[in-house]
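*Asks:* Chains as they are written, first to last, in this note's numbering: chain A, 2 to 358; chain B, 2 to 358; chain C, 2 to 358. Attaching a single structure in structure tokens format; questions to follow.
Shown next, in the form of structure tokens:
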């Protein structure tokens, strides 16, 4: 007989609601009409910047992600015979495993590089030459590098698609896509024929320095009618908060962007609170906005949701984990399905998973 | 024409008896009657401690391991579509590859973490958060960590099974299972209806510090009738050799535990000699019992077998490798099949490999 | 609408001629008559040195490589159920990924070791013991190690095949096979019934120190009639350029080996120029022949081709990349198919891919 105390420790429940944040991928799936052409055309593109998308392509990707999330065991062979080169020259476990899980879930094989110091690059090999090597070795590349320009250098020589999985302080487009996918999973009505009330989004972060924030703001531009207001909360002055031209770009697309330095001033009105505290600069990360914290006692609307790209620090208290505000775990889970959708398209396998061909 | 000297060097024989220690997995397979219920119930448990098992569950796992070992090419797709997260925060090649080989042999895919310093944990991310990430990314986790409490912390948040693959000085249950499996592979009669003479086991090691020894002693408790005597050989005093309560626990289960500080006093009577010299403490390993050595001239019974969890140091001479005492290579090989058996059960695929469903 | 400048950046062409150096794998395939016996017998050999081959075995391997290269999507399951142990104790990305890509392209699974410091070897475990472990865990080993003797030590205990993927300054036989495969891909007539003019080969490198050069020279010995002259270009004196016996060995096989210290003296007559500047010695690489450079203005015959094992340094200018002299990218690509051919044979799967069984 096992000690009952030990027995309790070792038991686990697979069926416990597996996300905090009760996702509705089926509702989102039904809210969007399939149009495969937007997906098949992705096979001729690198994924470099949030700027390169359009509203319809994003919606189709979200639809496919929702289809995967609603049927997690159904598409296990779509990438058979395909090889991913997972090149994380800047250390990362979360993003690397998210991509690798997405690829494996679809039946593909993977070659990983997890340490720049063991590569030819350390010996002075150019990224162009590395890209030529990758052309011969795989079918798709995922690259994270601390240097903003690395992905561009590789793109010049690649004949297989590459995904920018974070390039310095510049961009991280698939994270932003996962963020937006989470919002629409929560409120599928917003992309349906009968959209409900638009959202008041509070974004705690530093647009000039944080790649996740920069990419997300760019994606919001494709859905200006969905966001009644976007309030960027930061302890910098407005002219430091944004880099040159960044705010103007957002406003051009019709986004109503405000700023604030007191989180609690704007929190009570927020429908969605996005928070991030980390920026990658050079070879290490910096923390910003140390005065901003969210916890279970923060003045949140009862139905407000919180998003965080994770990993988190002190800015996001674990006291929120078991509250209905917690959609950041759902966000992390959805990121796998979003990446599955994107990867499928990049390697020309979209037709295998479309409803209508 | 190839130089005959070179020709001799490059030739190898696949058919040379591939273990020192002639295994009888088929005999063990036949000695145990299948009872699948003990296996299917494992799918709701983490594998944390040798304490959590019972005699019947272990026997069923050994039976399945023997079935795999007797038919190594038969079950190559049982884990198709399943993803293992192989997280070795404490460096290890032997155990990591043993688990990964087991998983691959059954057709599953793997994501590896081989270096704690490249992970979010290095930046202060909690293991609970890492566990939440793993819930989304894989179907099973194997964890090795120098910190004893890490596996417990992850278990609190996991909704997929985790295997403790060595947590500091605490436990290493699958190694102990592989050790015991080897003994029964050598002497299947001991678990049959007509058991032969019970075993005199000499165990050279340090129960208070070595996780392999600690877990093995716990497992022996389920088979007290199989071991007429267990003699722990160590150069410490008895009250330092064991930690508080450890010896009492063993005696409660009916094990006849003795201690000795002179190996050669007890060696001539031993049927099974288990030896280990390494303990993981903090971030490095310590060697204990440097005065104990086994070699081909040691006073062993002609039919005694030697077990060692490997990697070995000077305590185990290579002069024993080509003697019939060498069952440590068979033990290493069997560990792969034992882990195949356990992993199959954890991810709910036992029904695919049972004889009777 | 996407900014046209961005659009141009993210677009890529899969159909752009995917090698500089227009390969003719089909012509090579047709030039060699299949004789599977030479391939099936490879399953009882380790791949250790270029010395161990013969002309016919090499030709059959080149034929199979050409078959793979001509039909890259046809043989995706030949290694299903097989596990490769990819052990790169000396850091390498290019060769590791080349082997891993080859294995994955054929449907096999892989376990990688990319850092010696995380292994038991760092703790003093012997390579013989590591080899015994590998016997239990995988079906084939690829080893790179800075120590010349490591592969020999492992071979003594292995019952599965191992490939020497670079052992110190000694050998790198599969690189040399890929080099020669490239030459025959370019000039299939040379192994046909009606061979054209033999080749003048200029080899910029250091035979006494560079493993790639050493292995290539050995392979040339099987085809003395193909090379009218082999000129080794180096700034050392002739008696330092070669190690004891090396030059004599080449001449015994009928190779016409010359030396030169001025590259431009011999370049105008060269049909094939092979250049390498790096040698692995101890735990780091050394550069040799810094005075030798090739660029688009070098006095090359219009139809001369350049080979380089890569990664390159300043010795090979990128100004050559878009010229017809560039066969080094084709060489890197072909290396994957060459390794596919060899690996298939080693793990006894040749019969699955032969035309005639």
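Heads up, the beta-carbon is just placed ideally off N, CA and C, and yes, glycines get one too. Note that the structure is predicted; figures quoted are calculated from it, not measured.
Nearest by alpha-carbon distance to residue 289/A: which of 195/A, 271/A and 209/A is it?
*Replies:* On the first chain, position 288 is the one that residue 289/A refers to. Nearest option by C-alpha distance: 209/A.
*Asks:* Can the beta-carbon of residue 59/B be found closer than 9 Å to that of residue 178/B?
*Replies:* In the second chain, counting from the first residue as 1, residue 59/B sits at position 58. In the second chain, counting from the first residue as 1, residue 178/B sits at position 177. Yes; because the gap between Cβ atoms is below 9 Å, this pair is in contact.
*Asks:* Along the stretch 3–19 of chain B, where does the CB come closer than 9 Å to a CB of chain C? Name the residues.
*Replies:* So the list reads 3, 4, 7, 8, 10, 11, 12, 13, 14, 15, 16, 17 and 19, given in the order they occur along the chain.
*Asks:* If you measure from the beta carbon of residue 95/A to each beta carbon in chain B, is any gap under 9 Å?
*Replies:* The count along the first chain starts at 1 and reaches residue 95/A at position 94. Cβ-Cβ to chain B under 9 Å: yes for residue 95/A.
*Asks:* Using C-beta distances below 7 Å, list every residue in its chain close to residue 342/A, excluding the 5 sequence neighbours before and after it, in chain order.
*Replies:* On the first chain, residue 342/A is found 341 positions in, with the first residue counted as 1. 62, 65, 66 and 69.
*Asks:* Going by C-alpha to C-alpha distance, which of 346/C, 221/C and 180/C sits closest to residue 276/C?
*Replies:* By 1-based counting over the third chain, the position of residue 276/C is 275. The option with the nearest alpha carbon to residue 276/C is 180/C.
*Asks:* Out of 90/A, 186/A, 346/A and 225/A, point me to the one whose CA is closest to residue 166/A's CA.
*Replies:* As a working note, residue 166/A is residue 165 in the first chain. Residue 90/A is the option with its Cα nearest to residue 166/A.
*Asks:* Thinking C-beta only, is residue 211/A closer than 9 Å to residue 292/A?
*Replies:* As a working mapping, residue 292/A is identified with position 291 in the first chain. As a working mapping, residue 211/A is identified with position 210 in the first chain. Not in contact: residue 292/A and residue 211/A (Cβ atoms no closer than 9 Å).
*Asks:* So residue 228/C and residue 199/C are supposed to be a Cβ contact under 8 Å. How far apart are they, rounded?
*Replies:* Your numbering for residue 228/C matches position 227 in the third chain. Your numbering for residue 199/C matches position 198 in the third chain. Contact holds; Cβ gap of about 6 Å.
*Asks:* Got a sec: is the Cβ-Cβ distance from residue 327/C to anything in chain B below 9 Å?
*Replies:* By one-based count along the third chain, residue 327/C stands at place 326. So no, residue 327/C is outside the interface.
*Asks:* Could you round the C-beta distance between residue 12/C and residue 12/A to whole angstroms and report it? I think they count as a contact, below 8 Å.
*Replies:* The residue labelled residue 12/C in the question sits at position 11 within the third chain. The residue labelled residue 12/A in the question sits at position 11 within the first chain. Rounded, the Cβ-Cβ distance is 53 Å, inconsistent with contact.
*Asks:* Looking at the structure shown, is residue 86/B part of a helix, part of a strand, or coil, going by DSSP?
*Replies:* One-based indexing of the second chain puts residue 86/B at position 85. Residue state, collapsed to three classes: strand.
*Asks:* What does the alpha-carbon distance come out to for the pair residue 237/B and residue 262/B?
*Replies:* Stepping through the second chain from its first residue, residue 237/B is reached at position 236. Stepping through the second chain from its first residue, residue 262/B is reached at position 261. Straight-line Cα distance between these residues: approximately 8 Å.
*Asks:* In the structure shown, what three-state DSSP assignment does residue 346/C receive?
*Replies:* In the third chain, counting from the first residue as 1, residue 346/C sits at position 345. Helix, per DSSP.
*Asks:* Let me see if you follow: with CB-CB separation under 9 Å, is residue 290/B close to chain A or not?
*Replies:* Your numbering for residue 290/B matches position 289 in the second chain. Chain A contact via Cβ: absent.
*Asks:* Run through the DSSP bridge pairs and tell me what residue 259/A is partnered with.
*Replies:* Counting from 1 along the first chain, the entry for residue 259/A is found at position 258. DSSP, once it has assigned bridges, lists 232/A as partnering residue 259/A.
*Asks:* I want to verify the contact list: residues of chain A whose CB lies under 7 Å from the CB of residue 159/B, in sequence order.
*Replies:* Working through the second chain from its first residue, we reach residue 159/B at position 158. Correct list: 13.
*Asks:* Can you tell me the Cα-Cα spacing of residue 137/A and residue 316/A, whole angstroms?
*Replies:* In the first chain, residue 137/A corresponds to position 136, counting from 1. In the first chain, residue 316/A corresponds to position 315, counting from 1. Looking at the two C-alpha atoms, the distance is approximately 44 Å.
*Asks:* By the 7 Å beta-carbon criterion, what residues does the stretch 79–104 of chain B contribute toward chain C?
*Replies:* Listed in sequence order: 92, 94, 95, 98, 99, 101 and 102.
*Asks:* Since residue 256/C and residue 231/C are thought to touch, with beta carbons under 8 Å apart, how far apart are those beta carbons, to the nearest angstrom?
*Replies:* In the third chain, residue 256/C corresponds to position 255, counting from 1. In the third chain, residue 231/C corresponds to position 230, counting from 1. Indeed they touch by this definition, with Cβ atoms about 6 Å apart.
*Asks:* Nearest to residue 97/A by alpha carbon, out of 97/B, 305/B, 318/B and 111/B?
*Replies:* For the purposes of this step, residue 97/A is taken as the residue at position 96 of the first chain. It is 111/B.
*Asks:* Restricting to runs no shorter than 4 residues, where is the alpha helix (DSSP H) found entirely within the stretch 96–180 of chain C?
*Replies:* 128–138 and 151–156, all fully within the stretch 96–180 of chain C.
*Asks:* For residue 75/A, count neighbouring Cβ atoms within 10 angstroms of its own Cβ and tell me buried if that reaches 16, exposed if not.
*Replies:* Indexing the first chain from 1 puts residue 75/A at position 74. Under this definition residue 75/A is an exposed residue.
*Asks:* Run through DSSP, which three-state label would residue 254/C get?
*Replies:* Residue mapping note: residue 254/C aligns to position 253 of the third chain, counting from 1. Three-state DSSP puts residue 254/C in coil, outside helix and strand.
*Asks:* Should the stretch 153–173 of chain B be called in touch with the stretch 127–144 of chain B, which here means at least 3 C-beta pairs below 8 Å?
*Replies:* With the cut-off at 8 Å, the stretch 153–173 of chain B and the stretch 127–144 of chain B touch.
*Asks:* Can you give me the start and stop residues for the beta strand (DSSP E) that residue 287/C sits inside?
*Replies:* Residue mapping note: residue 287/C aligns to position 286 of the third chain, counting from 1. Unbroken beta strand (DSSP E) run through residue 287/C: 285–288.
*Asks:* Does DSSP classify residue 329/A as helix, strand or coil?
*Replies:* Here residue 329/A refers to the residue found at position 328 when the first chain is read from its first residue. Of the three classes helix, strand and coil, the one that applies to residue 329/A here is helix, per DSSP.
*Asks:* Taking C-beta to C-beta, are residue 109/C and residue 80/C nearer than 9 Å?
*Replies:* For the purposes of this step, residue 109/C is identified with residue 108 of the third chain, where counting begins at 1. For the purposes of this step, residue 80/C is identified with residue 79 of the third chain, where counting begins at 1. Result yes, Cβ atoms of residue 109/C and residue 80/C sit closer than 9 Å.
*Asks:* Take the Cβ of residue 182/C as the centre, count every other Cβ of all protein chains shown within 10 Å, and call the residue buried at 16 or more, exposed below.
*Replies:* To locate residue 182/C, count along the third chain from 1; it is residue 181. Result: buried.
*Asks:* Which chain A residues sit within Cβ distance under 7 Å of residue 225/B?
*Replies:* Locating residue 225/B in the second chain gives position 224, counting from the first residue. Within chain A, no residue comes near residue 225/B; the closest Cβ sits about 15 Å away, beyond 7 Å.
*Asks:* May I have the straight-line CA-CA distance separating residue 19/A from residue 327/B, to the nearest angstrom?
*Replies:* Numbered from its first residue, the first chain carries residue 19/A at position 18. Numbered from its first residue, the second chain carries residue 327/B at position 326. Residue confidence for residue 19/A is low, a pLDDT of 48 falling below 50, so the modelled location carries little weight and cannot support an answer.
*Asks:* Which one of 139/C, 140/C and 169/C has the shortest CA to CA distance from residue 153/C?
*Replies:* The residue given as residue 153/C occupies position 152 in the third chain. When only C-alpha atoms are compared, the closest one is 169/C.
*Asks:* Starting from residue 203/A, trace the beta strand (DSSP E) in both directions and tell me its first and last residue.
*Replies:* For the purposes of this step, residue 203/A is taken as the residue at position 202 of the first chain. Segment 200–205, the beta strand (DSSP E) holding residue 203/A.
*Asks:* Excluding the five sequence neighbours on either side, which residues of its own chain have a C-beta within less than 6 Å of the C-beta of residue 83/C, listed in chain order?
*Replies:* In the third chain, the residue the question calls residue 83/C occupies position 82. Around residue 83/C: 109, 140 and 348.
*Asks:* So the beta strand (DSSP E) residue 273/A belongs to, where does it begin and stop?
*Replies:* For the purposes of this step, residue 273/A is taken as the residue at position 272 of the first chain. 273–276 is the extent of the beta strand (DSSP E) around residue 273/A.
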